[in-house]
Every structure is written in C-alpha cells, then in structure tokens.
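First up is the structure itself, then whatever we jot down about it.
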Amino acid sequence: MNARVETLAERFQRYFSVHFATTPEQRNDVYKIRYKVYCDEFGYESAEEFPENLEHDQFDESSLHCLIKHRGSQRPAGCVRLVTTGENGLQSLPLETFCADSLDRELLGNLNLQRTSMCEVSRLAVDGAFRRRASESITRFGDMDAIDCSSHERRTFSLISVAAFLAATSLTELTKRTNVFAMMEPFLPKLLERSGINFRKVGADMDYHGHRAPYFETTESALISMAPELRALYEAISFDISEDFKKLRQ
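Numbering of the sequence shown is given in the working numbering, commencing with residue 92 and proceeding in unit increments.
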C-alpha cells in the first residue's frame, strides 16, 4: 500500500514555524535578519547606522511584523512586515516616501482606493544561510554559515519567501487592509504568478534596494486565484498568525 504523500503545508510546517512577531525578542530577531541581508550581505543600508546589528526604520513602530523560524535550530530564517497608512489614512507608505517617481499616478488614481484600506508588504528578507545551496556554505564574508540538514529539508527553503508573503497576506485579512502594494524584485512576482497570485505592475522599474518595481493586488483576488496547494499552506499559516493576533487583542 502506497504511503500518503505529504502536502506542501505539512512539509513546510515540519521544518518551519511562522509567528506574528509582537515580543521584543521576536522583533529583534526580525531586525537581525534584516541587518544581515540589507547591511551585511547586500549593502543596501549602511551598517554604521546600526551599531547593535539591528536594521530598523521609521515605519517599524507602526507596522505589523512576521517572523519565520527554523524548527531544528530555532534560528530566525525569514521576516516580513505589513505597513499601514495609519488609522486616519495620512501616513505615507514606504513606496510613496522613497519610490514616488516610479509610481503610475494615473493608474493609481483610477483604482480609486480609500487610503484607510491600503497597506504595503515590505522588508521581506530571508537569511542567506537559507538561500544558499549545501555546497555554498562559505559566505562572501568568509563565515561558515550553513544549516546542517537533509536534502529533503533543504528543498523547503525556497518556500520561505512565499510563506513570508502569505503571512503578510493573513495580516491584511485580519486588519481589513486589503488593497496591497509592494516594491518587489522581478523574481517574486514571477514566483507568485506560478502559484496563481497575479500582482499588477503599477509603475516603472527603479533601483531601490536592488532592481525593483511597484506592484498592486487585492487580498480577495489573491485568495480567489491562489493555487489549491498554496491555499492550504496559506490556511495553515493564517491559523497560526490569527492565534497570535487574538492573544495580542485579549
């Protein structure tokens, strides 16, 4: 008799946990990942500005953060945040602040969005140790930075960025901020498209923390078009995020 095939959600959750990051310790784990990726690895931000090795900015206090941890090592693996426009809709989103010239104003005007329904998926980052192949254990800085795990486990590493996006999507449902923007590198919209999520490009390419462009999607549209196997992963992640969210509101 053939053994039951493990689902995508089961496979990912065997090796990783996803959290709504609310404690100081969880927030620091988020900022540590961002420091390693944005400062150490790619040099998008100046390391000298963050002497405690925690990368953060003016949007973090008003953002909701998610953290992905590797179960075997308890090592922080990935993170993402959801930035809102504030309760009164006045606060600018990061892409409005830093990437205003790349936005298609006419297209955005035709969307006729209420600002209090808007948000931005931002600062999605995956620790480099979870992006390298097993043979690439030495970083460009010379450290040994590999994760000791099986090839089966390593095959789930490519899901971390998608899982981070799904975690942020669950927060858009919980907060009813369902008009979603993101500045994304070319690989992520293509990766999401293969899973049935079709972000619409709403501006020109630009150099902002690498080659990126502004995109837009609604939560409703993403959930409707999401491939069934990915939807199952979303439901599993959303359950965990929702439980953490409820505890915060109690």
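Where is the CB? At the ideal position from N, CA and C, for every residue including glycine.
Here the structure is a predicted model, which means the values were calculated and not measured.
- [ ] Determine the DSSP secondary structure at Arg102, reduced to helix, strand or coil.
- [x] helix
Task: Residue closest to Ser286, alpha-carbon to alpha-carbon, out of His110, Thr175, Tyr325 - done: Tyr325
Open item on the list: When you compare the CB positions of Lys123 and Pro185, do they come within less than 9 Å of one another, or not?
Closed with: no
Task: Those runs of the alpha helix (DSSP H) which lie wholly inside the stretch 100 to 168 and span at least 4 residues - done: 115 to 125
TODO: Name the one or two DSSP bridge partners that Ala259 has.
DONE: Answer by DSSP bridge pairing: none, since Ala259 is not bridged.
TODO: Return the residue from the list His243, Leu215, Ser316 that minimises the CA-CA distance to Asn97.
DONE: Position check: residue 97 holds Glu in this sequence, whereas Asn was assumed. Closest by alpha carbon: His243.
Task: Three or more C-beta pairs below 8 Å linking the stretch 187 to 194 and the stretch 128 to 148 - done: no
TODO: Give a yes or no on contact between the stretch 146 to 161 and the stretch 193 to 204, applying the rule of three or more CB pairs nearer than 8 Å.
DONE: no
Open item on the list: I'd like to know whether the C-beta atoms of Thr207 and Thr263 end up nearer to each other than 9 Å.
Closed with: no
TODO: Identify every residue that forms a DSSP beta bridge with Leu339.
DONE: Leu339 pairs with nothing; no bridge assigned.
TODO: Give the range of the beta strand (DSSP E) segment to which Ala304 is assigned.
DONE: 302 to 309
Open item on the list: Rounded to the nearest angstrom, what separates Met209 and Arg118 at their Cα positions?
Closed with: 23 Å
Task: Presumed contact (8 Å Cβ cut-off) between Ala295 and Glu211, rounded CB distance - done: Ala295 to Glu211, Cβ: 17 Å. No contact.
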